[in-house]
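**Student:**
Number of protein chains: 2
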Amino acid sequence: MKISSRQTELVVGLNIPAEIGMELSEVATPALIIELDAFEHNVATLRERLDVAGVRLRAHSKTHKSVDIARYQIDHGGACGICCQKVSEAEVMVAGGITDVMVSNQVVDPKKVARLAQLASQARILVCVDNLRNVDDLSAAAMSKQANIECLVEIDCGAARCGVQSSEAALEIAQKIDSCSGLRFAGIQAYQGSAQHIRDYAERGREIDAAAGMAADTLTLLNRNGLDCAIVAGAGTGSYPFEAASGIYNEMQCGSYIFMDADYQRVLDAQGEQISEFVNSLFIWTSIMSKTRQDDAICDAGLKVMSVDSGLPVVYGREDIEYVGCSDEHGVITDPGNQLKLNDRLKLVPGHCDPTCNLHDWYVGIRNDKVECLWPVSARGMAF
Amino acid sequence: MKISSRQTELVVGLNIPAEIGMELSEVATPALIIELDAFEHNVATLRERLDVAGVRLRAHSKTHKSVDIARYQIDHGGACGICCQKVSEAEVMVAGGITDVMVSNQVVDPKKVARLAQLASQARILVCVDNLRNVDDLSAAAMSKQANIECLVEIDCGAARCGVQSSEAALEIAQKIDSCSGLRFAGIQAYQGSAQHIRDYAERGREIDAAAGMAADTLTLLNRNGLDCAIVAGAGTGSYPFEAASGIYNEMQCGSYIFMDADYQRVLDAQGEQISEFVNSLFIWTSIMSKTRQDDAICDAGLKVMSVDSGLPVVYGREDIEYVGCSDEHGVITDPGNQLKLNDRLKLVPGHCDPTCNLHDWYVGIRNDKVECLWPVSARGMAF
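Sequence order for the protein chains is G and H.
Add 664 to the 1-based position in the first sequence for the numbering used here, that's all there is to it.
Add 664 to the 1-based position in the second sequence for the numbering used here, that's all there is to it.
Okay, structure coming up:
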């Protein structure tokens, strides 16, 4: 009936699947591995694309929840800062030395507002707002910490999630932010989340055109009322070419591009092909643990090491076998040639990278089949 | 590029959603809460049912991954010991003082076999086997630690997952176990996992009858060859009344009964009603964080705090509103009466309890709307 710190220490201590220098074949299964060459390729590619387009990257750390990766994106990937979705994630990032953090989400609970203001006394903190009353709360909290919080008004530009429903509502909130001590009006958040995974390129483009149109209307109204938007933010891995070319957006919030996943492999580019500028760098390393039937085998990776909300994982580099069933700790792999053997290793491409990473405590970084680094999933489980 | 212990300490330190004595309304959202009266009712109910049936309970800790709950099941719930699915889970349980642990799964990787043998020098350890060569490996590892590992032969009794495919194959492995130093033949594992969530009671019963028939055939063959089965193990929350009454099984491995979930609410009893002997005790505590449309609201609980593999969560105690959409950090809740307000709290019944618990670091135990205890999810993330 009490908190056992011994137990939590134990958890952290036992749960490391690899050692630096180890061969990949020796890494405990199941584990979350990053192929570093592919990861670095993805980081460099987006940097290049956004440099050419002349827009900033504020990389989304909700994908990886790792201070080490956030730092890599800033140091090598051209990111001006990062996004988080939760105050507790932002706390981990700031404690890890990241100094420019946007919570690209609403923070309305009084205790979370207080924690956000505390953070703003340590780092540049931005947050999204879609409620007038929330502005008062943020202002009071910021003032009590003698801090400044930069606020973006979020508009609902088609995803029907958070965000105000009209330019007029955005103006009202922006004016209020602009008038409040402790706050600075920083611009608008116009993320079209439901467009990211639309398979067809042209259809995806139409959704973003519509979103950019709403953002432009809001910008015009704000400008006409003397409010300057330093930041017009949005975009994800699936849609960023459209936002980057829109002339409206200036800050991209891509996250998944560093890893990709099985569902993003079903999103098509302008040629109707699988997106190829980013490659799979994230895998579940799994092994065969039971083989009692000719035509299938059981691996040790199930629901507790990957999220199947966007479909089952894909066996990487193998056309001959397929992951067809998932339970808590097991996966069923077809084996039509009856070739799989106990302890055979496979790489799985998870269906959806973000919630998969959130299940693990460590990234095992691999180069040339050797463990090069171990990165803690620093903000894993940080949900509030 | 190195392990940062500071970061992991940080994670553990920041991630506690409540304090003992706090009002439920003050608990940070989203959080995993247990209504303790309901939990204790469930534990007492299964104990009573199995006492009457004259079979043992070996409670499955894969559901909760908590040393505190395992201990409660042993001290108050009549459990003779616990099950785990992974060696790393068993390590946490043994380190936490649990002395009788079955890994109800195959352990075939050489390093994991060595870790299992190490555990067997500290506690009673049982494991399942479905491969002849694995017996040699377990024996060698046990001998090297001067330990004894108790082995059950797993039979595939209908789920087409792990387990041998015939009584003859079971006999061959059992005889080998019986002949090997460091091992003890303990019986058979005959868990019919795919029957647990069959909606119709009679159909569920037919699947378990078939499984019990296969177990009986194997028992007969083993007995005829002089091999005694101290343990005939299987059963889960959905099917245990059938195994308990079969006259074949003597050890039940129920897990979900302590918590229940939205999917188990769709499993029917003999009267065609929702199972009522066990009640929902596990919830996601969530709050409304955005409300910009009349007919819906956005809550702060998404894919990172619950698994949707078995369907979306259900809003507890509310017929008027419905959780209809889930993204990484958000949920969409219908609000036909336009009654939800920012910071309103709701309880969600997760679709599937086991992989949901594995996302959290803490259980917040609630009684009479006050926080009574905080239990670490001690083996969270222990996947290998």
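For glycine and all other residues, C-beta sits at the position ideal for the given N, C-alpha and C.
All of these numbers come straight from a predicted model, not from anything done at the bench.
Using 8 Å as the cut-off, can you tell me whether the stretch 915-925 of chain G makes contact with the stretch 716-731 of chain G, which would need three or more C-beta pairs spanning the two stretches below that distance?
**Tutor:** In the pairwise beta carbon analysis, the stretch 915-925 of chain G is classified as touching the stretch 716-731 of chain G: at least three pairs are separated by under 8 Å.
**Student:** What residues in the stretch 841-874 of chain H have a beta carbon less than 7 Å from any beta carbon of chain G?
**Tutor:** Across the stretch 841-874 of chain H, CB contacts with chain G closer than 7 Å involve Gly857, in sequence order along the chain.
**Student:** Within its chain, find whatever has a CB closer than 8 Å to the CB of Val772 (chain H); leave out the 5 residues flanking it on each side and keep chain order.
**Tutor:** The residue labelled residue 772 (chain H) in the question sits at position 108 within the second sequence. Excluding residues within five positions, the ones whose Cβ falls inside 8 Å are Asn795, Asn798 and Asp801.
**Student:** Do Trp1026 (chain G) and Leu1012 (chain G) have their beta-carbon atoms positioned less than 8 Å apart in this structure?
**Tutor:** One-based indexing of the first sequence puts residue 1012 (chain G) at position 348. One-based indexing of the first sequence puts residue 1026 (chain G) at position 362. Contact: no.
**Student:** Based on the DSSP secondary-structure assignment, which residues constitute the bridge partners of Phe849 (chain H)?
**Tutor:** Within the second sequence, residue 849 (chain H) is the residue found at index 185, counting from 1. Answer is H:Cys815, bridged to Phe849 (chain H).
**Student:** How many whole angstroms separate the CB atoms of Ile922 (chain G) and Val707 (chain G), which I take to be in contact at a CB cut-off of 8 Å?
**Tutor:** Taking the first residue of the first sequence as position 1, residue 922 (chain G) is located at position 258. Taking the first residue of the first sequence as position 1, residue 707 (chain G) is located at position 43. The pair is a contact, with the Cβ atoms about 6 Å apart (cut-off 8 Å).
**Student:** Closer than 8 Å is the cut-off here; do at least three beta carbon pairs connect the stretch 1018-1033 of chain G with the stretch 680-691 of chain G?
**Tutor:** yes
**Student:** Pull up the distance between the alpha-carbon of Leu1023 (chain H) and that of Ser971 (chain G), whole angstroms please.
**Tutor:** As a position in the second sequence, residue 1023 (chain H) is number 359, starting the count at 1. As a position in the first sequence, residue 971 (chain G) is number 307, starting the count at 1. Looking at the two C-alpha atoms, the distance is approximately 11 Å.
**Student:** Is Pro905 (chain G) helix, strand or coil by DSSP?
**Tutor:** Position 241 of the first sequence, counting from 1, holds the residue named residue 905 (chain G). Looking at Pro905 (chain G) - three-state DSSP - the assignment turns out to be helix.
**Student:** Is there a Cβ of chain H sitting closer than 8 Å to that of Ile667 (chain G), yes or no?
**Tutor:** Against the first sequence, residue 667 (chain G) aligns to sequence position 3. Annotation note: pLDDT 41 at Ile667 (chain G) (below 50); position unreliable, no value reported.
**Student:** Near Thr882 (chain H), what residues of its chain come up, given a Cβ to Cβ distance below 7 Å and the 5 sequence neighbours on each side ignored?
**Tutor:** Counted from its first residue, the second sequence places residue 882 (chain H) at position 218. Cβ within range, chain order: Ile819, Ser831, Ala834 and Ile852.
**Student:** Could you pull the DSSP bridge partners for Phe947 (chain H) from this structure?
**Tutor:** Mapped onto the second sequence, residue 947 (chain H) falls at position 283. BP columns for Phe947 (chain H) point to H:Ile697.
**Student:** What does the alpha-carbon distance come out to for the pair Gln671 (chain G) and Ile997 (chain H)?
**Tutor:** Taking the first residue of the first sequence as 1, we reach residue 671 (chain G) at position 7. Taking the first residue of the second sequence as 1, we reach residue 997 (chain H) at position 333. Confidence in Gln671 (chain G) is poor, its pLDDT being 45 and thus under 50, which makes the residue's placement too unreliable to answer from.
**Student:** Taking the runs of the beta strand (DSSP E) that are 3 residues or longer, which of them lie wholly in the stretch 970-1045 of chain H?
**Tutor:** Segments of the beta strand (DSSP E) lying fully in the stretch 970-1045 of chain H: 987-990, 995-998, 1009-1013, 1026-1031 and 1034-1040.
**Student:** May I have the straight-line CA-CA distance separating Ala1047 (chain G) from Arg779 (chain G), to the nearest angstrom?
**Tutor:** Here residue 1047 (chain G) is taken as the residue at index 383 of the first sequence, counted from 1. Here residue 779 (chain G) is taken as the residue at index 115 of the first sequence, counted from 1. Approximately 14 Å, taken between the alpha carbons.
**Student:** Taking the straight line between their C-alpha atoms, what separation do you get for Leu967 (chain H) and Ile985 (chain G)?
**Tutor:** Indexing the second sequence from 1 puts residue 967 (chain H) at position 303. Indexing the first sequence from 1 puts residue 985 (chain G) at position 321. For Leu967 (chain H) and Ile985 (chain G), the distance between alpha carbons rounds to 28 Å.
**Student:** Taking the C-alpha atoms as reference points, what is the distance between Val675 (chain G) and Leu886 (chain G)?
**Tutor:** Position 11 of the first sequence, counted from the first residue, corresponds to residue 675 (chain G). Position 222 of the first sequence, counted from the first residue, corresponds to residue 886 (chain G). Low confidence applies here, because Val675 (chain G) scores a pLDDT of 48, under 50, leaving its location unreliable and the question unanswered by this model.
**Student:** Taking only beta-carbon atoms, is Lys1011 (chain H) less than 8 Å away from chain G?
**Tutor:** If you number the second sequence from 1, residue 1011 (chain H) lands on position 347. Lys1011 (chain H) does not count as touching chain G.
**Student:** What residues in the stretch 700-730 of chain G have a beta carbon less than 8 Å from any beta carbon of chain H?
**Tutor:** Lys726
**Student:** Do we get a CB-CB distance below 8 Å when we pair Asn679 (chain G) with the residues of chain H?
**Tutor:** The sequence position of residue 679 (chain G) within the first sequence is 15, counting from 1. So yes, Asn679 (chain G) belongs to the interface.
**Student:** Taking the alpha-carbon positions, what's the Gln782 (chain G) to Val758 (chain G) distance?
**Tutor:** As a first step, residue 782 (chain G) must be located in the first sequence, where it is residue number 118. As a first step, residue 758 (chain G) must be located in the first sequence, where it is residue number 94. One C-alpha to the other measures close to 11 Å.
**Student:** I need the straight-line Cα distance from Ile862 (chain H) to Leu714 (chain H), nearest angstrom please.
**Tutor:** As a first step, residue 862 (chain H) must be located in the second sequence, where it is residue number 198. As a first step, residue 714 (chain H) must be located in the second sequence, where it is residue number 50. The alpha-carbon atoms of Ile862 (chain H) and Leu714 (chain H) are separated by roughly 22 Å.
**Student:** Below 6 Å CB to CB, which residues in the same chain sit around Val828 (chain G) once its five sequence neighbours on both sides are set aside?
**Tutor:** Counting from one through the first sequence, the residue named residue 828 (chain G) turns up at place 164. Answer for Val828 (chain G): Asp794, Ile819 and Ala834, listed in chain order.
**Student:** Here's a check: name, in chain order, each residue in its chain whose Cβ is nearer than 6 Å to the Cβ of Ala934 (chain H), leaving out the five neighbours to either side.
**Tutor:** By one-based count along the second sequence, residue 934 (chain H) stands at place 270. Excluding residues within five positions, the ones whose Cβ falls inside 6 Å are Tyr865.
**Student:** Just the chain H side, please: which residues come within less than 8 Å of Asp992 (chain G) by C-beta, in chain order?
**Tutor:** On the first sequence, position 328 is the one that residue 992 (chain G) refers to. Lys726, Gln749, Asp1018 and Pro1019, listed in chain order.
**Student:** So for Asp687 (chain G), helix, strand or coil by DSSP?
**Tutor:** For the purposes of this step, residue 687 (chain G) is identified with residue 23 of the first sequence, where counting begins at 1. Position check: residue 687 (chain G) holds Glu in this sequence, whereas Asp was assumed. Strand, per DSSP.
**Student:** Counting only the same chain and skipping the five closest in sequence on each side, list residues whose C-beta sits under 8 Å from that of Gly932 (chain G).
**Tutor:** On the first sequence, position 268 is the one that residue 932 (chain G) refers to. In the sequence as presented, Gly is not what sits at residue 932 (chain G); that position holds Leu. For Leu932 (chain G), same chain residues with a beta-carbon under 8 Å away, outside a window of 5 residues either side, are Arg863, Asp864, Tyr865, Gln938 and Ile939 in chain order.
**Student:** For Met766 (chain H), which of helix, strand or coil comes out of DSSP?
**Tutor:** If you number the second sequence from 1, residue 766 (chain H) lands on position 102. Of the three classes helix, strand and coil, the one that applies to Met766 (chain H) here is strand, per DSSP.
**Student:** Check whether the Cβ of Ile962 (chain G) lies closer than 8 Å to any Cβ atom in chain H.
**Tutor:** By 1-based counting over the first sequence, the position of residue 962 (chain G) is 298. So yes, Ile962 (chain G) belongs to the interface.
**Student:** Closer than 9 Å between beta carbons: that is the criterion. Which residues of the stretch 790-822 of chain G meet it against chain H?
**Tutor:** Asp794, Asn795, Arg797, Asn798, Glu818 and Asp820
**Student:** So, does the CB of His740 (chain G) fall closer than 8 Å to a CB anywhere in chain H?
**Tutor:** By 1-based counting over the first sequence, the position of residue 740 (chain G) is 76. It does not; no Cβ of chain H falls within 8 Å.
**Student:** Which chain G residues sit within Cβ distance under 8 Å of Asp773 (chain H)?
**Tutor:** Residue 773 (chain H) sits at position 109 when you count from the first residue of the second sequence. Chain G residues near Asp773 (chain H): Ala692, Thr693, Ser951, Met953 and Asn1007.
**Student:** What residues from chain H crowd round Ala1025 (chain G), counting only those whose CB sits closer than 7 Å?
**Tutor:** By 1-based counting over the first sequence, the position of residue 1025 (chain G) is 361. Here residue 1025 (chain G) is Asp; the residue named in the question, Ala, does not match the sequence. In chain order: Gly1045.
**Student:** Cβ of Phe1048 (chain H) less than 8 Å from any chain G Cβ?
**Tutor:** What you label residue 1048 (chain H) is simply residue 384 of the second sequence in a count that begins at 1. Chain G, which has a Cβ nearer than 8 Å to the Cβ of Phe1048 (chain H), makes this yes.
**Student:** Mind pulling the beta strand (DSSP E) runs of 3 or more residues that sit fully within the stretch 724-765 of chain H?
**Tutor:** 743-748
**Student:** Does the stretch 900-916 of chain H touch the stretch 715-722 of chain H, meaning 3 or more C-beta pairs lie closer than 8 Å?
**Tutor:** yes
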